[in-house]
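Protein chains: 2
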Amino acid sequence: MEKIALAVEAEELTEFWSQRVLARANGNLFKVAKGIGSTTWHIHEDQEETFLLLSGRLTVQLRTGDVELEPGDLFVVPRGVEHCPLAAEEARFLLVGPEVTSTAAGGKPAWSADGGTPPSV
Amino acid sequence: MEKIALAVEAEELTEFWSQRVLARANGNLFKVAKGIGSTTWHIHEDQEETFLLLSGRLTVQLRTGDVELEPGDLFVVPRGVEHCPLAAEEARFLLVGPEVTSTAAGGKPAWSADGGTPPSV
Numbered sequence: 030m031e032k033i034a035l036a037v038e039a040e041e042l043t044e045f046w047s048q049r050v051l052a053r054a055n056g057n058l059f060k061v062a063k064g065i066g067s068t069t070w071h072i073h074e075d076q077e078e079t080f081l082l083l084s085g086r087l088t089v090q091l092r093t094g095d096v097e098l099e100p101g102d103l104f105v106v107p108r109g110v111e112h113c114p115l116a117a118e119e120a121r122f123l124l125v126g127p128e129v130t131s132t133a134a135g136g137k138p139a140w141s142a143d144g145g146t147p148p149s150v
Numbered sequence: 030m031e032k033i034a035l036a037v038e039a040e041e042l043t044e045f046w047s048q049r050v051l052a053r054a055n056g057n058l059f060k061v062a063k064g065i066g067s068t069t070w071h072i073h074e075d076q077e078e079t080f081l082l083l084s085g086r087l088t089v090q091l092r093t094g095d096v097e098l099e100p101g102d103l104f105v106v107p108r109g110v111e112h113c114p115l116a117a118e119e120a121r122f123l124l125v126g127p128e129v130t131s132t133a134a135g136g137k138p139a140w141s142a143d144g145g146t147p148p149s150v
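Quick mapping for you: the protein sequence lines, in order, are chains A and B. Position one of the first sequence corresponds to residue 30 (the numbering used here), numbered consecutively onward. Position one of the second sequence corresponds to residue 30 (the numbering used here), numbered consecutively onward.
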């Protein structure tokens, strides 16, 4: 039973749009991630995806309009709702959900997996 | 689908150690609370209780020792583990768990329900 400093965990991430599992509780995973640029548009048909922004700014693009997140903002993407996170500069966030989303389901862009440079936003 | 500013929600709380439900996702509730002084020692036999400190300092007292939380720290109290949160000054935090803990199960002190003044810590 140890506390987890979210900022420290986020600082140690090496790959954009990957999720690092920090804790498990009541069937949900608490994950930290960082992003820059955007993922692809995608849907989680079987789960809500909860974002809690830690630093930077994150735009959760929805087909119905954008939601602009600042640090300390919580946002739940309902299951079945298409979305596409977008960060003009590096954003760090906590994700809460029942499992680690796959690369495909999470919409992780191809450049993020090979250590490549993110395209300009 | 709207974002939730945790600091704003915490600011609006009127009662210490009460929990305000902000969102539901994947069978879990996201709740905000504030505390000062301490609750009573208590156990949740059927659920983990996850704390994410937003402001102030919070000591999660355990029978095995204290865990000192600072803003941005995440801590999961495993089910069945006796604990007693303690805040020397007002602390605000996010709680994640499957339901709102009852007054008894949550260890909320008697003074918190009647608008009374918290005892000195």
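Each residue gets a CB set at the ideal place from its N, CA and C atoms; glycine is no exception. What you are looking at is a predicted structure, and each value in this text was computed from that prediction instead of being measured.
Closest Cα partner of residue i within the set the options
i        : options                               : result
A:GLU128 : A:SER47, A:ASP95, A:ALA36, A:GLU31    : A:SER47
A:GLY182 : A:GLY101, A:GLU111, A:THR43, A:ALA134 : This structure cannot speak to residue 182 of chain A, because chain A is shown only from 30 to 150.
B:ALA120 : B:ALA34, B:GLU40, B:ILE33             : B:GLU40
Contact with chain B by residue i, beta-carbon distance below 9 Å
i        : result
A:LYS32  : yes
A:ARG53  : yes
A:GLN76  : yes
A:THR69  : no
A:GLU118 : no
A:THR130 : no
A:VAL110 : yes
A:GLU44  : no
A:LYS36  : Looking at the sequence shown, residue 36 of chain A is not Lys but Ala. For A:ALA36, the answer is yes, since a Cβ of chain B falls inside 9 Å of its Cβ.
A:LEU81  : yes
A:PHE166 : No answer is possible for residue 166 of chain A: the residues shown for chain A start at 30 and end at 150.
Cβ-Cβ separation, residue j to residue i (assumed contact under 8 Å), whole Å
i        : j        : result
A:GLN76  : A:GLY126 : 5 Å
B:ALA82  : B:PHE122 : It is worth fixing the name first, because residue 82 of chain B is Leu in this sequence and not Ala. Between B:PHE122 and B:LEU82 the Cβ distance is about 5 Å, and since that is below 8 Å, they are a contact.
B:GLY101 : A:ALA36  : 5 Å
A:PRO147 : A:GLY85  : Incorrect: roughly 13 Å between the Cβ atoms, too far for contact.
B:VAL105 : B:ILE72  : B:VAL105 to B:ILE72, Cβ: 14 Å. No contact.
Short CB-CB distance (under 9 Å) between residue i and chain A
i        : result
B:GLY126 : yes
B:PRO107 : yes
B:LEU115 : no
Check whether residue i and residue j have beta carbons under 9 Å apart
i        : j        : result
B:PRO114 : B:THR68  : yes
B:LEU103 : B:PHE59  : no
B:HIS112 : B:TRP70  : yes
A:THR88  : A:ALA134 : no
A:GLU38  : A:ARG49  : yes
Any contact between the segment 50-68 of chain B and the segment 93-107 of chain B? By contact I mean 3 or more CB pairs, one from each, below 8 Å. no
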